[in-house]
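S.K.:
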Amino acid sequence: TTLMSDEPLQNYLDMEYFGTIGIGTPPQDFTVIFDTGSSNLWVPSIYCFSYACTNHHRFNPQESSTFQGTSKTLSIAYGTGSMTGILGYDTVQVGGISDTNQIFGLSETEPGSFLYYAPFDGILGLAYPSISSSGATPVFDNMWNQGLVSQDLFSVYLSKDDESGSVVQFGGIDSSYYTGTLNWVPISVEGYWQITVDSITMGGEPIACSSGCQAIVDTGTSLLAGPTNAVANIQSYIGASETSYGSMAISCSSINSLPDIVFTINGIQYPVPPTAYILQSQGSCSSGFQGMNIPTASGELWILGDIFIRQYYTVFDRANNQVGLAPVA
Amino acid sequence: TTYKVSLTRKKSLRQNLIENGKLKDFLQNHQYNIGSKYFPSEA
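So the sequences go chain by chain: A and B.
Mind the numbering: the first sequence is residues 44 to 372 in our numbering, read in order.
Mind the numbering: the second sequence is residues 8 to 50 in our numbering, read in order.
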């Protein structure tokens with residue numbers, strides 16, 4: 044079964060949070076993105092001879108006593124090329140869990156030679172099975188189906204400052220990562236972790252989503268993304284201008300003068316301060332907003348990426364199809 | 008039973024591409040639309 048699904052690798056351009064998993068017996072280690080914006084697990088394999096694979100760990104099924112091959116193929120076409128490969132089953136070690144009989148993709152081609160420079164080997168998708176290519180069972184679904192976790196939910200804490208400290212927690216919530224109470228937001232469409240936003244305001248003025256809109260909570264996107272026009276307004280308001288690197292440069296002193304941008308979700312306000320939406324790196328600053336083109340039929344859509352999740356501890360609750368949000372501790 | 012996976016924060020792909028002088032080439036040769044991740048059929 045080959046099912047094309049097209050995802051652009053661009054979303055991973057600014058990703059900074061990665062975890063290690065082991066696949067096979069004995070485990071072969073891979074650095075992956077835990078991505079709530081997709082649903083497949085794939086890693087490079089020894090059958091991949093693309094330039095990109097030469098610089099990454101590659102899974103060797105012959106060295107795993109628990110590997111089971113299939114005749115199914117997988118193709119996830121990225122905007123920059125395709126990851127094509129075969130599907131197989133093996134045991135996946137994730138944070139101490141032995142997720143047996145997990146289906147995953149062994150890539151044979153990688154989407155673009157530039158992936159040679161990627162700080163990750165593969166992707167571990169945590170969205171709903173309905174958007175999984177080739178109908179492959181996502182990792183968290185497999186964990187739950189096998190009774191490996193006590194609650195049908197997982198949670199994410201992204202540290203603002205340190206290299207370490209960030210966590211994906213499967214099957215539980217840790218109240219030490221947040222303050223106040225978790226506010227629950229129903230999932231509007233089961234596929235991505237998609238919710239309804241009431242409004243987006245800046246300095247008390249509506250700047251987007253004035254009559255409500257949809258948003259996807261995506262750990263696999265670093266920035267805050269929205270419709271090109273709305274984001275262009277925000278960029279000009281905050282004084283950001285495009286650089287040759289494709290990012291939007293802004294004066295670092297703006298951090299002290301600009302207002303919060305407030306996402307009102309299910310009647311609760313979630314302010315994102317300029318210290319969060321202005322990214323500082325090596326003495327220069329850039330905007331954390333990114334415009335994106337989406338089909339007009341889909342209506343106004345925003346992506347709440349790592350910038351938002353660094354501010355709000357997030358619980359992804361599959362049992363009740365809801366997202367829990369609370370200010371990080 | 009609940010399990011934590013530690014995430015490590017590392018330099019991004021964009022940073023690596025900048026440091027290797029490859030980012031301009033990437034941006035020039037790839038249509039940069041992070042929205043198409045969510046509309047595979049459209050893309």
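All C-beta atoms, glycine included, are put in the ideal place defined by N, C-alpha and C.
Examine the Cβ distances between the region 227–238 of chain A and the region 196–210 of chain A and report whether three or more of them are shorter than 8 Å.
M.R.: no
S.K.: Using a C-beta to C-beta distance shorter than 7 Å, which residues of chain A count as neighbours of residue 28 of chain B?
M.R.: As a first step, residue 28 of chain B must be located in the second sequence, where it is residue number 21. Per Cβ cutoff of 7 Å: no residues; residue 28 of chain B is ~11 Å from chain A at best.
S.K.: What did DSSP end up calling residue 317 of chain A once you bin it into helix, strand or coil?
M.R.: Counting from one through the first sequence, the residue named residue 317 of chain A turns up at place 274. Residue 317 of chain A: helix per DSSP, three-state reduction.
S.K.: Just to confirm the assignment: which complete alpha helix (DSSP H) runs, minimum length 4, are found wholly within the region 221–289 of chain A?
M.R.: 271–281
S.K.: Classify residue 311 of chain A as buried or exposed, calling it buried when 16 or more other Cβ atoms lie within 10 Å of its own Cβ.
M.R.: Within the first sequence, residue 311 of chain A is the residue found at index 268, counting from 1. Residue 311 of chain A comes out exposed.
S.K.: Mind checking the region 126–138 of chain A against chain E and listing, in chain order, the residues whose C-beta falls within less than 8 Å of any C-beta there?
M.R.: The displayed structure is made up of protein chains A and B, and chain E is not among them.
S.K.: For residue 122 of chain A and residue 17 of chain B, I'd like the C-alpha separation in whole angstroms.
M.R.: Start at 1 with the first residue of the first sequence, and residue 122 of chain A comes out as number 79. Start at 1 with the first residue of the second sequence, and residue 17 of chain B comes out as number 10. In this prediction, residue 122 of chain A has a pLDDT of 49, which is less than 50 and means its spatial position is unreliable; nothing more can be read from the coordinates.
S.K.: Distance, Cα to Cα, residue 180 of chain A vs residue 145 of chain A?
M.R.: For this step, residue 180 of chain A is matched to residue 137 along the first sequence. For this step, residue 145 of chain A is matched to residue 102 along the first sequence. Taking the straight line joining both Cα atoms gives about 8 Å.
S.K.: DSSP puts residue 149 of chain A in a beta bridge; with which residues?
M.R.: Position 106 of the first sequence, counting from 1, holds the residue named residue 149 of chain A. Paired residue(s): A/86, A/129.
S.K.: Should residue 295 of chain A go down as buried or exposed, given a rule of 16 or more other Cβ atoms within 10 Å for buried?
M.R.: Numbered from 1 along the first sequence, position 252 holds the residue referred to as residue 295 of chain A. Looking at its Cβ environment, which holds fewer than 16 other Cβ atoms inside 10 Å, residue 295 of chain A is exposed.
S.K.: Just to confirm before moving on: does the CB-CB distance between residue 44 of chain B and residue 80 of chain A stay below 8 Å?
M.R.: Here residue 44 of chain B is taken as the residue at index 37 of the second sequence, counted from 1. Here residue 80 of chain A is taken as the residue at index 37 of the first sequence, counted from 1. Their beta carbons are under 8 Å apart, which means residue 44 of chain B touches residue 80 of chain A by this criterion.
S.K.: Measuring alpha carbon to alpha carbon, tell me which residue in A/285, A/302, A/210, A/269 is nearest residue 246 of chain A.
M.R.: Counted from its first residue, the first sequence places residue 246 of chain A at position 203. With distances taken between Cα atoms, residue 246 of chain A lies closest to A/302.
S.K.: What are the start and end residues of the alpha helix (DSSP H) that includes residue 183 of chain A?
M.R.: In the first sequence, counting from the first residue as 1, residue 183 of chain A sits at position 140. It spans 182–188 - the alpha helix (DSSP H) in which residue 183 of chain A sits, taken as one unbroken run.
S.K.: Which residues, in chain order, does the region 213–230 of chain A contribute to contact with chain B at a C-beta distance below 9 Å?
M.R.: 213, 214, 215, 216, 217
S.K.: What is the DSSP secondary structure of residue 38 of chain A, counted as helix, strand or coil?
M.R.: It is not possible to answer for residue 38 of chain A, since the shown part of chain A is limited to 44 through 372.
S.K.: Please classify residue 110 of chain A: does DSSP put it in a helix, a strand, or coil?
M.R.: Position 67 of the first sequence, counting from 1, holds the residue named residue 110 of chain A. Residue 110 of chain A falls in the coil class under three-state DSSP.
S.K.: For residue 339 of chain A, name the three-state secondary structure that DSSP assigns.
M.R.: Along the first sequence, read from residue 1 onward, the residue named residue 339 of chain A stands at position 296. In the structure shown, residue 339 of chain A sits in a helix (DSSP, three-state: H, G or I).
S.K.: Give the range of the alpha helix (DSSP H) segment to which residue 71 of chain A is assigned.
M.R.: Position 28 of the first sequence holds residue 71 of chain A. Segment 71–78 is the beta strand (DSSP E) holding residue 71 of chain A; no alpha helix (DSSP H) there.
S.K.: Name the DSSP beta bridge partners of residue 141 of chain A, please?
M.R.: Here residue 141 of chain A is taken as the residue at index 98 of the first sequence, counted from 1. Its beta-bridge partners are A/136.
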